[in-house]
Each structure stands twice: as C-alpha cells, then as structure tokens.
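What follows is a single structure, written as structure tokens, with notes after it.
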Amino acid sequence: MIKLGRKRPLVKGPHLRLAHYLTPALPPAPASVDYLPAASAALAEMYLNDQLGDCVIAAMAHIEGVLTGNAGNPALTYSDAQITALYSAIGGYVPGDPNSDQGCDEVTALNYWQSTGAPAGSHKIAGWLTVDPSNRAEYEAALWLFENLFFGVELPDAWINPEPQLSGFVWDVAGSADPQNGHAFAGVAYDAQGVKISTWGMEGVITHAAIAEYCANADGGQLFVVISQDSVNRASQKAPSGMNWAQLVADFDAIGGHIAPPPLPPPIPKPMSKYQLFTLISEANHADFRNRQMDVKQMAADIASVCKQVMG
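When you read off a place in the sequence shown, starting at 1, and then add 3, the result is the number in the working numbering.
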C-alpha cells in the first residue's frame, strides 16, 4: 500500500530561479547521468510513506541520501523516529492522531531544511532553486550540476490505479492531473527516456513529456533543485563558467543560505613561447653536460623528450 500527502505550496517568499544564474558559457549537459548507485541503500527506504502522507519528507530524505552519498560519504539513512519528527515539525503531524496526518508542501519543507536542517540541527541545505519543467535542457542541467530534482506533482489516476509494485514503472502522459493525488518525489538520474525517480522505496521513470505536462504551475506542479555546499563545490568544477556563482552565493546569503564561494578551478597554463622553449632545452642540456658525458644521439633523444613534454 502507498500513501500520497503532497499539498500545493502556499508559502510566499523568495523563489530564486535556476535560469537566472545560468550563463551562455554553460556546456551542454551529458546525454545521461545517474547519481543513484552511491545512494541505493537510502533510496530503497519507504520512510513511512506506506503508513503516513509524508511523501514530502520521504523525498527530502531520499535527496539527502543522494547528496551525502555522492559527496563520498555513506549515504545518510533516516530512522523512523527522525522521519516522524520531521513530519511533525513541518506538517504538524501528531503521532497516534490520524486526523493530524494531513500531508505538507515542499516549499515549507525546503525552507525548514535550509533554516533548521534535517534532522534538526544538522544537514542544512544552502538553498533551493525553482526549475522550468518545460525546458528539458534546464532541468537536465540542474540534475547534472546539483545531483537531484525535487518534484511536486498532482498525479493522474492512471499512475496509481493500479499502484506501482516494483521498480521499473514508467509514468508518461496519461490524462488530467488529479488535485487529490498530490505527491512529492526525488529525481536522481536522467536519459533520453526521462528522469529516473525514487519514491516508495522503488525507482521508476517520469518521461520528459510527462514532466512538461504535470510539473507546470497550471497543473498544480512544481519542480525544484536542492543546493548543498558539497554539490555547489562539485558543480563549479563541472561548469566553472557555466553559472554566475558569485551572484548565487550573494543571493543565498541574503536569504539565510550561508553558502561559501565554490573553489576556483586551477589556472590553465599559457602556451610556451619559442624563446621559452629554446631556453628550457638549452638549460636542460647544459645541466646534462655538467653532470655526465653525453653523446650526440643521447642529446637528440633528450631534446625530443623535452619538446614532447612541452608541446604535448
């Protein structure tokens, strides 16, 4: 059995858009990426979403597993008690009171995650950005650079009647979105078919056509990318000039994100001039003559070796 529980976000506040920070120098995203393997144990967790309408909390936990796992650490896996505490803090759930199991929305959850952490006091995110679901290049760039997508969708009935039972399900365009079927889930990979998602302890695919159809605001959908300090550091190495990193840091700091500037990439060596090349060869050979007897063939071989190293 599965549960849903995502509400349409009502919280007002700054919604920073990923597109605002992308530059013309951003290289095309790879044809496919997959951040699932480093977080497979965390993504296999149901996180009580078969008992409670805590899908937003489960999506948070799955994304945190991806972020920690792909940072070279063990993927963070939450206990049931931690999941319940987050659902109580964000959604007002009171354990033992089924009437309080009313779900929650992803914007409230993201703001809590940024300000308080998940669990409280740790694993704070630097911030989050809205992503255009109608722009495949944009959401693929978001997933490639920052290793996640956070979906908030009103599912068509066909996606859950019957319910998915095993990994490998595919969600494609299938009729109108149903406002009663609000659900949140994590995106962890993409390819030509669509984005690989993690929900209810399973992996499936939401096609590119379905993303454009059901993630639009007009259909009650939302699409976000979660930003952590580690993912910013890695993203800046993938695309050093592909985003306005200074502006992103400034804007996150302005709303309490407290993100550190990403490390600068190593400088690109300048081509060596002919004079520098001649000087290098000359110095190398003078040193060789001082230290040992050298015949003509050996000298020629050494010069060729130096030229090969310098010229590539």
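Beta carbons are placed, not taken as given, at the ideal position from N, Cα and C, and that holds for glycine.
Where the alpha helix (DSSP H) containing I66 begins and where it ends
C58 to G72
Taking the alpha carbon of K10 as the point to measure from, which residue in D100, G106 and I93 has its own alpha carbon closest?
G106
Since V235 and A144 should fall inside the 8 angstroms C-beta cutoff, what is the C-beta to C-beta distance between them, to a whole number of angstroms?
With 8 angstroms as the limit, V235 and A144 do not qualify as a contact, their Cβ atoms being about 14 angstroms apart.
Looking at the unbroken alpha helix (DSSP H) that takes in H186, where does it start and where does it end?
Careful: H186 lies outside any alpha helix (DSSP H), inside the beta strand (DSSP E) at G185 to Y193.
Would a C-beta distance cut-off of 8 angstroms place F153 and V228 closer than the cut-off?
yes
Of the listed residues S170, L158 and Q196, nearest to N184 (C-alpha basis)
L158
Going along the chain, which residues of its own chain have a beta-carbon closer than 6 angstroms to the beta-carbon of F292, five neighbours each way excluded?
Its pLDDT being 48, under 50, F292 is placed unreliably in this model, and the value from its coordinates should be taken loosely. There are no such residues.
Three or more beta-carbon pairs under 8 angstroms between the segment 197-212 and the segment 53-69, yes or no?
yes
With DSSP collapsed to three states, give me the class of G94.
helix
Contact between the segment 209-221 and the segment 39-58 is defined here as three or more beta-carbon pairs at a separation below 8 angstroms; is this criterion met?
no
Would DSSP call R9 helix, strand or coil?
strand
With a floor of 4 residues, list each alpha helix (DSSP H) that falls wholly inside the segment 90-148, ordered by position along the chain.
109-118
Just the Cα atoms here: how many angstroms apart are P12 and D135?
16 angstroms
State the beta-bridge partners of M205 as determined by DSSP.
T202
Would the segment 241-252 and the segment 17-28 be scored as touching if the rule is three or more Cβ pairs under 8 angstroms?
yes
Distance CB(V198)-CB(N151) smaller than 8 angstroms:
no
For A253 and Y115, I'd like the C-alpha separation in whole angstroms.
20 angstroms
With three or more beta-carbon pairs closer than 8 angstroms as the criterion, would you say the segment 26-37 touches the segment 78-92?
no
Do the CB positions of L70 and D233 come within less than 8 angstroms of each other?
yes
Roughly how many whole angstroms lie between the Cα atoms of A34 and D104?
40 angstroms
Using 8 angstroms as the threshold, is the C-beta distance between Y38 and N76 below it?
no
Label Q117 either buried or exposed according to how many other C-beta atoms from any shown protein chain fall within 10 Å of its C-beta, with 16 as the threshold for buried.
buried
Taking DSSP's pairing of strands, which residues face I230 in a bridge?
G130
Under a Cβ-count criterion, where at least 16 other Cβ atoms within 10 Å of its own Cβ denotes burial, should A189 be classed as buried or exposed?
buried
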